[in-house]
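Data first, discussion second: the structure below is written as structure tokens.
Number of protein chains: 2
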Amino acid sequence: MLDASILKAMESVVGGGNILGARDIPARYFHDAAGWKSEPDAVVRPRNAEEAAGIVALAYENSIPVTPRGAGTGLYGGCVAASGGIVLCTERMNARPRFHKEDLYAEVEPGVVNGDFRKMAEAEGLFYPPDPASLGTCTIGGNIAECADGLRSHKYGTTRRYVLGLEVVTPEGRLLRMGARTVKSVAGYDITRLWVGSEGTLGFITSAVLRLLPLPQARTALAASFSDAGTALEAGAALVTDGLIPSMLEVMDAACRRAASAHIGKDIGEGALLFVEFEDMQSVCRESAERASRLLGDEYGAVVRGDISGAERARLLQGRRSVLPALWTLKPVVILEDLTVPRSKLKNMSAEIEKIAARNGIEIALFGHAGGGNIHPAFLGGAGDGDEMIRMRQAVAETAQACAEMDGSVSGMHGIGLDKAPYLKLEIGQSGYEVIKSLKASLDPRAIMNPGKLFYEERE
Amino acid sequence: MLDASILKAMESVVGGGNILGARDIPARYFHDAAGWKSEPDAVVRPRNAEEAAGIVALAYENSIPVTPRGAGTGLYGGCVAASGGIVLCTERMNARPRFHKEDLYAEVEPGVVNGDFRKMAEAEGLFYPPDPASLGTCTIGGNIAECADGLRSHKYGTTRRYVLGLEVVTPEGRLLRMGARTVKSVAGYDITRLWVGSEGTLGFITSAVLRLLPLPQARTALAASFSDAGTALEAGAALVTDGLIPSMLEVMDAACRRAASAHIGKDIGEGALLFVEFEDMQSVCRESAERASRLLGDEYGAVVRGDISGAERARLLQGRRSVLPALWTLKPVVILEDLTVPRSKLKNMSAEIEKIAARNGIEIALFGHAGGGNIHPAFLGGAGDGDEMIRMRQAVAETAQACAEMDGSVSGMHGIGLDKAPYLKLEIGQSGYEVIKSLKASLDPRAIMNPGKLFYEERE
Numbered sequence: 001m002l003d004a005s006i007l008k009a010m011e012s013v014v015g016g017g018n019i020l021g022a023r024d025i026p027a028r029y030f031h032d033a034a035g036w037k038s039e040p041d042a043v044v045r046p047r048n049a050e051e052a053a054g055i056v057a058l059a060y061e062n063s064i065p066v067t068p069r070g071a072g073t074g075l076y077g078g079c080v081a082a083s084g085g086i087v088l089c090t091e092r093m094n095a096r097p098r099f100h101k102e103d104l105y106a107e108v109e110p111g112v113v114n115g116d117f118r119k120m121a122e123a124e125g126l127f128y129p130p131d132p133a134s135l136g137t138c139t140i141g142g143n144i145a146e147c148a149d150g151l152r153s154h155k156y157g158t159t160r161r162y163v164l165g166l167e168v169v170t171p172e173g174r175l176l177r178m179g180a181r182t183v184k185s186v187a188g189y190d191i192t193r194l195w196v197g198s199e200g201t202l203g204f205i206t207s208a209v210l211r212l213l214p215l216p217q218a219r220t221a222l223a224a225s226f227s228d229a230g231t232a233l234e235a236g237a238a239l240v241t242d243g244l245i246p247s248m249l250e251v252m253d254a255a256c257r258r259a260a261s262a263h264i265g266k267d268i269g270e271g272a273l274l275f276v277e278f279e280d281m282q283s284v285c286r287e288s289a290e291r292a293s294r295l296l297g298d299e300y301g302a303v304v305r306g307d308i309s310g311a312e313r314a315r316l317l318q319g320r321r322s323v324l325p326a327l328w329t330l331k332p333v334v335i336l337e338d339l340t341v342p343r344s345k346l347k348n349m350s351a352e353i354e355k356i357a358a359r360n361g362i363e364i365a366l367f368g369h370a371g372g373g374n375i376h377p378a379f380l381g382g383a384g385d386g387d388e389m390i391r392m393r394q395a396v397a398e399t400a401q402a403c404a405e406m407d408g409s410v411s412g413m414h415g416i417g418l419d420k421a422p423y424l425k426l427e428i429g430q431s432g433y434e435v436i437k438s439l440k441a442s443l444d445p446r447a448i449m450n451p452g453k454l455f456y457e458e459r460e
Numbered sequence: 461m462l463d464a465s466i467l468k469a470m471e472s473v474v475g476g477g478n479i480l481g482a483r484d485i486p487a488r489y490f491h492d493a494a495g496w497k498s499e500p501d502a503v504v505r506p507r508n509a510e511e512a513a514g515i516v517a518l519a520y521e522n523s524i525p526v527t528p529r530g531a532g533t534g535l536y537g538g539c540v541a542a543s544g545g546i547v548l549c550t551e552r553m554n555a556r557p558r559f560h561k562e563d564l565y566a567e568v569e570p571g572v573v574n575g576d577f578r579k580m581a582e583a584e585g586l587f588y589p590p591d592p593a594s595l596g597t598c599t600i601g602g603n604i605a606e607c608a609d610g611l612r613s614h615k616y617g618t619t620r621r622y623v624l625g626l627e628v629v630t631p632e633g634r635l636l637r638m639g640a641r642t643v644k645s646v647a648g649y650d651i652t653r654l655w656v657g658s659e660g661t662l663g664f665i666t667s668a669v670l671r672l673l674p675l676p677q678a679r680t681a682l683a684a685s686f687s688d689a690g691t692a693l694e695a696g697a698a699l700v701t702d703g704l705i706p707s708m709l710e711v712m713d714a715a716c717r718r719a720a721s722a723h724i725g726k727d728i729g730e731g732a733l734l735f736v737e738f739e740d741m742q743s744v745c746r747e748s749a750e751r752a753s754r755l756l757g758d759e760y761g762a763v764v765r766g767d768i769s770g771a772e773r774a775r776l777l778q779g780r781r782s783v784l785p786a787l788w789t790l791k792p793v794v795i796l797e798d799l800t801v802p803r804s805k806l807k808n809m810s811a812e813i814e815k816i817a818a819r820n821g822i823e824i825a826l827f828g829h830a831g832g833g834n835i836h837p838a839f840l841g842g843a844g845d846g847d848e849m850i851r852m853r854q855a856v857a858e859t860a861q862a863c864a865e866m867d868g869s870v871s872g873m874h875g876i877g878l879d880k881a882p883y884l885k886l887e888i889g890q891s892g893y894e895v896i897k898s899l900k901a902s903l904d905p906r907a908i909m910n911p912g913k914l915f916y917e918e919r920e
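Pasting the structure below:
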């Protein structure tokens, strides 16, 4: 419980309607999209950077935990108030972005929805590549805090590539500007990229300078169907080795495809799917798609539908973006992993995951981004079976271990949060962990920013 | 002077021939390419990561300054032993890189020459974009420490985009691995990018995992000549606004062009030059070059030589890469700036530089990378004229100020080192400076790594 005098002080910063005390908090502020849940003492909704700084300064003085929150679309608990205190929301910080078309960048507030930003950029003839599956609701602030990514990272890179500069509220409640408005700048340490993906543990993002690209002139998509997901992943990796540069290389297994078809009420076909798209000049798209079709058909026995039309493309992408919600309606418990391996190991990794699932008697579905070497195995369970939950957790741990052994990463795009914290050291080692802990201590000496996330100390 | 017992301990780590004490040090270890000079107490040449770690551990125990050094091609004093102590060289750490062709990355030691690495990658059908002008001698370790860049950053980004993972010796002398072998990874803070561009102040790089691209299938180059450099810069920026994505957009003014012609003994033409190159599939290169030629000729009155041949292209690039050495032979004193502004401000910035030069009575020459908004004004002076040196330094300070006012960066690619340290706060502000100082203090508590560089405290 927050002291009434502190609530009153915060109220004087953001105004009465923008601070919700314990009993007035709508339940949507308690949890993230995967169901991680915790109740804050208050929810605060600043309107601008100065208000946000005022709130964090009060929290700092009183050592109150601050959990930054965007749209709550994260999956690993990053935005829930695991240690109480306040949830600091970006939802009122969503002014129209300022586009600098000649210089290919925009200034964007954290509460702007990714999909809205994309559409506004497109209207200016500009392109913002990072496109999480939740782009219709997720916000730019959360995207940056998690270094989010979407379907296009093989060609375009992840969010970190597009953040030229940031303004943040530091844990002491001061405004800090970093980075540049130019692609090239090496003045001092690259603290901009340190903040990107720091999951709200180093401060609260109030504004970003985001790099934009010219809109691609054309797109060509094709859909290749396989008997199994392992071959689809292997075939996707082969396109990259062949020198092609697809913008999307999306895979889903037959179970995901069925679930997505049912969920959106439209038929998106049978078997394991590899969805390939090229974005470039028309001639490049055509040449690339022809080469890809031949390679997938001739070498990997795929049934290929080339140059698919606008409506079919839209249906497949809608299906792809709906896989996770579809699995959620299918099964009471869905544990989604987010691992990355070097592309040449995708097939082995998917075989390993199947073995792990079989060994533990767990049903799995699998989808992923073959370009980035990123696969999402979803472990599916029934409700209320304690033994099954233990086996699911065991499968998760074995998957993290297998991933580390294949030079992979335990988190390709969803972050660490609460969920992956126990596995972080598997990847970065004790010495890497000590380095990030010392950075955290030096930048957030009272440990008020998003406590409990990312860092994890095993109990003795 | 180092204590004899310390020298002996270091000798037992790297072997007798690989530690050069005071009087045995060849002069080439004293200075960088721009003439910044300082004498170390010893030069140490480890063969591998373990030896480097052993040396740094001894330096840490005894609080001896350590200055990492690659090929010494830097321009701002980064590799000179400004505070004495040891220079730690990467020159023996140059084993053949290990290429992972399927996964598009290579493991590379710091002493490998950039140009050698490029050639080996090309032989595998792979492409490493960052290409500093000094690529024939500069090394990968120095490139990473400075976040170096070359002629291609508009299309491909700078060195930071290609560093997937690093192994470094920490200031305490321990080996630390960070990053991944995958394009996507968000496990913990992005400390890999924090080390990239940290100019040897956070540790000694012993190995890097570098991302590679497929080799571009074709190249098309054109050379456009203008009456003045300002128009060449403006025209270059216009190509980007028009949606074209050139891989090179290089500008030099008439003075640089004349100097380069004389230096390489080959005619590279008259007037201000804009060199434009596209790298892509053949059809894209052709389409793009035609559009660029029309735009440069019709809108900006350029005299364009389109689709220039292999020999002519090689001559122009050789000229471009020789500009700085050419200016060095032309004038006794050359102060080279390295500023970046948003592309739309390139023309204004070049006009401002001309005014600053005229106001201070200094001769200037100018070249740069229009794609990245990066211009290199070179202030040229005679020898031994104290008043002129004062006016040159005044021009440098005014240029940094003008750059900050145009939302620019005081260092686009060459780093801060000793030279730009007084101007760093102009760009990152006092609060940004305090953040990087606290990071430095937490990671290098005894301040032994490259002391005197990047950080600068004004005397009271």
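For the record, the sequence lines run as chains E and Z.
Okay, so the first sequence: first residue is 1 according to this note's numbering, each after it adds one.
Okay, so the second sequence: first residue is 461 according to this note's numbering, each after it adds one.
A virtual CB, placed ideally from N, CA and C, is assigned to each residue, including glycine.
From Z:616, Z:484, Z:504 and Z:780, pick the residue whose C-alpha is nearest to that of residue 469 of chain Z; which is it? Within the second sequence, the letter at position 9 stands for residue 469 of chain Z. The shortest Cα separation from residue 469 of chain Z among Z:616, Z:484, Z:504 and Z:780 belongs to Z:504.
Comparing C-alpha positions only, which one of E:346, E:126, E:250 and E:217 sits nearest to residue 211 of chain E? Numbered from 1 along the first sequence, position 211 holds the residue referred to as residue 211 of chain E. Of E:346, E:126, E:250 and E:217, the residue nearest in Cα terms is E:126.
Let me make sure I understand the geometry here. Which of Z:534, Z:568, Z:693 and Z:643 has the alpha-carbon closest to that of residue 407 of chain E? In the first sequence, the residue the question calls residue 407 of chain E occupies position 407. That would be Z:643, whose Cα lies nearest to the Cα of residue 407 of chain E.
With a cut-off of 7 angstroms, does the C-beta of residue 277 of chain E fall near any C-beta of chain Z? For the purposes of this step, residue 277 of chain E is taken as residue 277 along the first sequence, with counting starting at 1. By this cut-off, residue 277 of chain E is not an interface position.
Could you give the distance in angstroms between the alpha-carbon of residue 632 of chain Z and the alpha-carbon of residue 548 of chain Z? Counting from 1 along the second sequence, the entry for residue 632 of chain Z is found at position 172. Counting from 1 along the second sequence, the entry for residue 548 of chain Z is found at position 88. About 15 angstroms.
Rounded straight-line distance, which links the Cα of residue 278 of chain E to that of residue 288 of chain E: Reading the first sequence from its first residue, position 288 is the one you call residue 288 of chain E. Reading the first sequence from its first residue, position 278 is the one you call residue 278 of chain E. Going from the Cα of residue 288 of chain E to the Cα of residue 278 of chain E covers about 7 angstroms.
If you run the structure through DSSP and keep just helix, strand and coil, what is residue 701 of chain Z? In the second sequence, the residue the question calls residue 701 of chain Z occupies position 241. Three-state result, residue 701 of chain Z: helix.
Neighbour flag for residue 607 of chain Z against chain E, beta carbons, 7 angstroms: For the purposes of this step, residue 607 of chain Z is taken as residue 147 along the second sequence, with counting starting at 1. By this cut-off, residue 607 of chain Z is an interface position.
Contacting residues, own chain, Cβ-Cβ under 6 angstroms from residue 285 of chain E (five flanking each side not counted): Taking the first sequence and counting its residues from 1, the one referred to as residue 285 of chain E is at position 285. Beyond the five residues adjoining it in sequence on each side, residue 285 of chain E comes within less than 6 angstroms, by CB distance, of 218, 220 and 278 in the same chain, given in chain order.
What are the residues of the region 814-825 of chain Z that lie near chain E, defined by any Cβ-Cβ distance shorter than 9 angstroms? none
Per DSSP, residue 390 of chain E forms a beta bridge with which residues? To locate residue 390 of chain E, count along the first sequence from 1; it is residue 390. DSSP, once it has assigned bridges, lists no residue as partnering residue 390 of chain E.
If we cut at 7 angstroms on Cβ distances, does residue 643 of chain Z have a partner in chain E? Working through the second sequence from its first residue, we reach residue 643 of chain Z at position 183. With respect to chain E, the C-beta atom of residue 643 of chain Z has a partner C-beta closer than 7 angstroms.
Within the 7 angstroms Cβ cut-off, does residue 247 of chain E reach chain C? The structure shown contains no chain C; the protein chains it does contain are E and Z.
Run through chain Z and tell me which residues come within less than 7 angstroms of residue 160 of chain E, C-beta to C-beta. On the first sequence, residue 160 of chain E is found 160 positions in, with the first residue counted as 1. Taking a Cβ-Cβ cut-off of 7 angstroms, the neighbours of residue 160 of chain E in chain Z comprise 650, given in sequence order.
With respect to the beta strand (DSSP E) encompassing residue 474 of chain Z, which residues constitute its N-terminal and C-terminal limits? The residue given as residue 474 of chain Z occupies position 14 in the second sequence. First-last for residue 474 of chain Z: 464-474, but that is the alpha helix (DSSP H), not the beta strand (DSSP E).
Residues that residue 263 of chain E contacts on chain Z, provided the C-beta gap is smaller than 8 angstroms: Counted from its first residue, the first sequence places residue 263 of chain E at position 263. None at all; the shortest Cβ gap to chain Z is about 26 angstroms.
7 angstroms Cβ cutoff, residue 508 of chain Z in contact with chain E: Translated into the one-based positions of the second sequence, residue 508 of chain Z becomes position 48. Not one chain E Cβ lies under 7 angstroms of residue 508 of chain Z.
The region 371-383 of chain E touching the region 321-333 of chain E, judged by at least three CB pairs closer than 8 angstroms: yes
Give a yes or no on whether the minimum CB-CB distance between residue 640 of chain Z and chain E is below 7 angstroms. Counting from 1 along the second sequence, the entry for residue 640 of chain Z is found at position 180. Yes, residue 640 of chain Z lies at the interface with chain E (some Cβ there is under 7 angstroms from its Cβ).
Extent of the continuous beta strand (DSSP E) to which residue 620 of chain Z belongs: Translated into the one-based positions of the second sequence, residue 620 of chain Z becomes position 160. In the DSSP annotation of this structure, residue 620 of chain Z is not part of any beta strand (DSSP E), being labelled neither H nor E.
Beta-bridge partners of residue 369 of chain E, as assigned by DSSP: On the first sequence, residue 369 of chain E is found 369 positions in, with the first residue counted as 1. E:250 and E:374, per the DSSP bridge assignment.
What three-state label does DSSP hand residue 224 of chain E in the structure shown? By 1-based counting over the first sequence, the position of residue 224 of chain E is 224. Here residue 224 of chain E sits in strand by DSSP.
Along the region 85-116 of chain E, what residues have a CB closer than 8 angstroms to any CB found in chain Z? 100, 101, 102, 103, 104 and 105
Amino acids of chain Z, ordered along the chain, whose beta-carbon sits closer than 7 angstroms to that of residue 176 of chain E: Sequence index remark: in the first sequence, residue 176 of chain E carries index 176 (1-based). Correct list: 891, 892 and 895.
By DSSP, does residue 325 of chain E sit in helix, in strand, or in coil? Along the first sequence, one-based indexing puts residue 325 of chain E at 325. DSSP places residue 325 of chain E in helix when its eight states are reduced to three.
State the start and end residues of the unbroken beta strand (DSSP E) segment that holds residue 637 of chain Z. Working through the second sequence from its first residue, we reach residue 637 of chain Z at position 177. Residue 637 of chain Z -> beta strand (DSSP E) spans 635-639.
Exposed or buried, what is residue 510 of chain Z when buried is set at 16 or more other beta-carbons lying within 10 Å of its beta-carbon? Position 50 of the second sequence, counted from the first residue, corresponds to residue 510 of chain Z. Around the beta carbon of residue 510 of chain Z, fewer than 16 other beta carbons sit within 10 angstroms, so the residue counts as exposed.
If you run the structure through DSSP and keep just helix, strand and coil, what is residue 37 of chain E? Walking along the first sequence from the start, residue 37 of chain E turns up at place 37. Reduced to three states, the DSSP call for residue 37 of chain E is strand.
List the residues of chain E that residue 909 of chain Z touches, going by C-beta distances under 8 angstroms, in chain order. Residue numbering aside, residue 909 of chain Z sits at position 449 when the second sequence is read from its first letter. The contacting residues do not exist; residue 909 of chain Z stays about 13 angstroms from chain E at best.
Considering only residues of the same chain and omitting the five flanking positions on each side of residue 623 of chain Z, which have a CB-CB separation below 8 angstroms? Against the second sequence, residue 623 of chain Z aligns to sequence position 163. Excluding positions up to five away in sequence, the list reads 604, 639, 652, 653, 656, 668, 669, 670 and 671.
Since residue 661 of chain Z and residue 909 of chain Z should fall inside the 8 angstroms C-beta cutoff, what is the C-beta to C-beta distance between them, to a whole number of angstroms? Along the second sequence, read from residue 1 onward, the residue named residue 661 of chain Z stands at position 201. Along the second sequence, read from residue 1 onward, the residue named residue 909 of chain Z stands at position 449. With a Cβ gap of about 5 angstroms, residue 661 of chain Z and residue 909 of chain Z count as contacting.
Which chain E residues sit within Cβ distance under 8 angstroms of residue 613 of chain Z? The sequence position of residue 613 of chain Z within the second sequence is 153, counting from 1. The contacting residues are 183 and 184.
Would you say the region 612-627 of chain Z touches the region 390-407 of chain E, given that touching needs at least three Cβ pairs under 8 angstroms? Taking a contact to require three or more Cβ pairs closer than 8 angstroms, the region 612-627 of chain Z and the region 390-407 of chain E do not qualify as touching.
Residue 904 of chain Z classed as buried or exposed, judged by whether at least 16 other C-beta atoms fall within 10 angstroms: As a working mapping, residue 904 of chain Z is identified with position 444 in the second sequence. The residue in question, residue 904 of chain Z, is buried, as its Cβ has 16 or more Cβ neighbours within 10 Å.
Identify each residue in the region 860-873 of chain Z for which the Cβ-Cβ distance to at least one residue of chain E is less than 9 angstroms, and report them in chain order. 867, 868, 869, 870, 871, 872 and 873
Measuring straight from C-alpha to C-alpha, what distance separates residue 740 of chain Z and residue 590 of chain Z? Taking the first residue of the second sequence as 1, we reach residue 740 of chain Z at position 280. Taking the first residue of the second sequence as 1, we reach residue 590 of chain Z at position 130. Rounded to whole angstroms, residue 740 of chain Z to residue 590 of chain Z spans 16 angstroms at the Cα level.
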